[in-house]
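**Student:**
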Amino acid sequence: MKEYIDLTVLDNIINKTAYSIKESKKEIFEISERSRQEISHFTQELHHVKMNLTLMINEVDKLEIRSKMTRNMIQTISDHFEEFTEKDIRDAYDLSEKVQVELTNKRKEEKALIDRRNELEQLLMNAYEVVGRAEALETKVSVALDYLASSLGEELKDQRMKKDVGIRIIEAQENEKKRISRDIHDGPAQSLANIIYKSEYASKIIDTSPNKAKKEISEIQESIRKTLKDIRRVIYDLMPMSLDDLGLIPTLNRLINDMEDMYNIKVHFNYKIEGALTNEMVKLMVFRIVQECFNNIAKHSKCSNVDFAVSVAFDTIRLAIKDDGIGFNVDEKLENPTGYGLYNMRERVELLNGVFNITSINNKGTTIKVQIPNNE
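Residue 1607 is where the sequence shown ends in our numbering, and the numbering goes up by one at each step.
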């Protein structure tokens, strides 16, 4: 006898599970946010400790020179004892003892600053690791939550199709959100926190050390310019306006220029345009595929040169990107991905009914070839 599933009961179970996952997601976000705040705090304190350590090292160096001078003076007195009065001898020994005590104290302070610097650097590493793990877990929880929150009827009709397509799209979306969040946090957010710290420091020393304050203000201005550039880059990554205004090739040229400027990697670009690229979604997806590929190359390949070719025909778009980097084991990387780069590229290509091919040889580089239908 065939047993039927009570959809009301199943829907209730899924709703309760989704609620529990949603609460867990909030807790994960709070852990991640606390770690980000710790990173900001540790970064500021580390900057302050390093500045004090530099000053302390200079003081210790000066005291070591004074200590050596007092020792030489006492040696001179010992060699010519009869030429000095009792007061001269007593003053020399008192000065030597005073310098030695001060040097001992400063060395203790220097060691304490070094220990605190090392401790802060370790705390920063741990905080970054917690943020990374929290973000990865947050992505998985978001995927599970969105999957459970989708239409129950559709789930039961074709679970295989929903798993194969729906989850992939959700994962790609969540990964894109995480990448944008990380870009903003690691770039503009950190820079703004540093600008606030520097401005507070400059306001404190402006009366006592105007020249130093002027230097700090100059550094703040440079930081603001860099932060503005980072914000514009994030906006450009979200939606490159030049793609609509100028077209695919000029936008790719800009991407190449950024790649060469930021990572000192030479990109040899060739393109052949024989047909029109009229589908805006295809155009954007091609740009994203190239962008993701360049990101992977910059982060992992350790290469010096990239050969990049684009061919646009009436019915087909072809991409070929080859670097001279360290290479990797393709099967191992695809089976056990450490990131979403290759996964995102392959998914974008497959969503466009295209063909994605990758070959890589250790110490001989990696080649990625993509073929996508045009005007479909």
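Ideal Cβ placement from N, Cα and C applies to all residues, glycine included. This one's a predicted model, so the numbers in the text were calculated from it and none came from an experiment.
Hey, could you find the ends of the alpha helix (DSSP H) ALA1424 is sitting in?
**Tutor:** 1421-1436
**Student:** Throw me the rounded Cβ distance for the LYS1443 and ILE1451 pair, which I believe falls under 8 Å.
**Tutor:** That belief does not hold up - the Cβ atoms of LYS1443 and ILE1451 are roughly 13 Å apart, past 8 Å.
**Student:** When the Cα atoms are used, what is the spatial distance from ILE1462 to ARG1519?
**Tutor:** 19 Å
**Student:** Go to ASP1554, then tell me how far its beta strand (DSSP E) extends in each direction, as first and last residue.
**Tutor:** 1547-1554
**Student:** Give a yes or no on whether the C-beta atoms belonging to CYS1534 and ILE1599 are separated by under 8 Å.
**Tutor:** no
**Student:** Less than 7 Å between C-beta atoms, sequence neighbours within five positions excluded: which residues of the same chain meet that for ARG1267?
**Tutor:** VAL1362 and HIS1416
**Student:** Between the C-alpha atoms of GLN1331 and ILE1345, what's the straight-line distance to the nearest angstrom?
**Tutor:** 21 Å
**Student:** Cβ of GLY1506 within 8 Å of Cβ of VAL1543?
**Tutor:** yes
**Student:** Just verifying my parser: in three-state terms, what is the DSSP assignment at ILE1496?
**Tutor:** coil
**Student:** Inspect the beta-carbon positions of ILE1589 and VAL1561 and report whether they are closer than 8 Å.
**Tutor:** yes
**Student:** Anyone know if the C-beta pair for VAL1537 and LYS1553 falls short of 8 Å?
**Tutor:** yes
**Student:** Kindly list the residues whose CB is nearer than 8 Å to the CB of ILE1429, restricted to its own chain and excluding five residues on each side of it in sequence; keep chain order.
**Tutor:** Inspection of the sequence shows that residue 1429 is occupied by Lys rather than by Ile. Short of 8 Å from the beta carbon of LYS1429, and not among the five residues preceding or following it, lie these beta carbons of its own chain, in chain order: GLU1447, GLU1450, ILE1451 and SER1454.
**Student:** Whose C-alpha, out of ASN1501, LYS1329, PRO1441 and ASN1425, is nearest the C-alpha of LYS1299?
**Tutor:** LYS1329
**Student:** Per DSSP, what are the beta-bridge partners of GLN1602 in this structure?
**Tutor:** ARG1549 and VAL1586
**Student:** Using only CA atoms, which one of ILE1426, LEU1474 and ALA1551 lies nearest to VAL1498?
**Tutor:** ALA1551
**Student:** How many angstroms separate the CA atom of MET1232 from the CA atom of LYS1257?
**Tutor:** Annotation note: pLDDT 41 at MET1232 (below 50); position unreliable, coordinate value reported separately. Rounded to whole angstroms, MET1232 to LYS1257 spans 44 Å at the Cα level.
**Student:** Comparing alpha-carbon positions, which option in ASP1476, VAL1580 and GLN1353 lies nearest PHE1180?
**Tutor:** Only positions 1232 to 1607 of the chain appear in the structure, and residue 1180 is not among them; the question remains open.
**Student:** Between the Cα of ASP1322 and the Cα atoms of THR1301, HIS1311, LYS1342 and GLU1313, which residue gives the shortest distance?
**Tutor:** THR1301
**Student:** Within its chain, find whatever has a CB closer than 7 Å to the CB of LEU1486; leave out the 5 residues flanking it on each side and keep chain order.
**Tutor:** VAL1521, GLN1522 and PHE1525
**Student:** Is the Cβ of ILE1259 closer than 8 Å to any Cβ of chain D?
**Tutor:** Given the protein chain composition of this structure (a single chain), no chain D is represented.
**Student:** Exposed or buried, which one is ASN1593 when buried takes at least 16 other CB atoms within 10 Å?
**Tutor:** exposed
**Student:** Are the CB atoms of VAL1291 and LYS1339 nearer to each other than 8 Å?
**Tutor:** It is not a contact, given that the beta carbons lie outside the stated cut-off.
**Student:** Can you give me the C-alpha to C-alpha distance between SER1309 and GLU1317, rounded to a whole angstrom?
**Tutor:** One alpha carbon belongs to SER1309, the other to GLU1317, and they sit about 12 Å apart.
**Student:** So the alpha helix (DSSP H) PHE1539 belongs to, where does it begin and stop?
**Tutor:** Not the alpha helix (DSSP H): PHE1539 falls in the beta strand (DSSP E), residues 1536-1543.
**Student:** Where does ASN1527 land, buried or exposed, given buried means 16+ other C-beta within 10 angstroms?
**Tutor:** buried
**Student:** Where are the alpha helix (DSSP H) runs, 4 residues long or more, that stay fully inside the region 1281-1358, in chain order?
**Tutor:** none
**Student:** Should PRO1419 be labelled buried (16 or more other beta-carbon atoms within 10 Å of its own) or exposed?
**Tutor:** buried
**Student:** For a quick check, are the C-beta atoms of LEU1479 and LYS1514 less than 8 Å apart?
**Tutor:** yes
**Student:** Go to ILE1520, then tell me how far its alpha helix (DSSP H) extends in each direction, as first and last residue.
**Tutor:** Here the alpha helix (DSSP H) through ILE1520 covers 1511-1527.
**Student:** Name the residue from TYR1324, PHE1312 and THR1370 whose alpha carbon lies nearest to the alpha carbon of PHE1260.
**Tutor:** THR1370
**Student:** When we look at the beta-carbon of SER1271 and count the other beta-carbons within 10 Å, is it buried (16 or more) or exposed?
**Tutor:** buried
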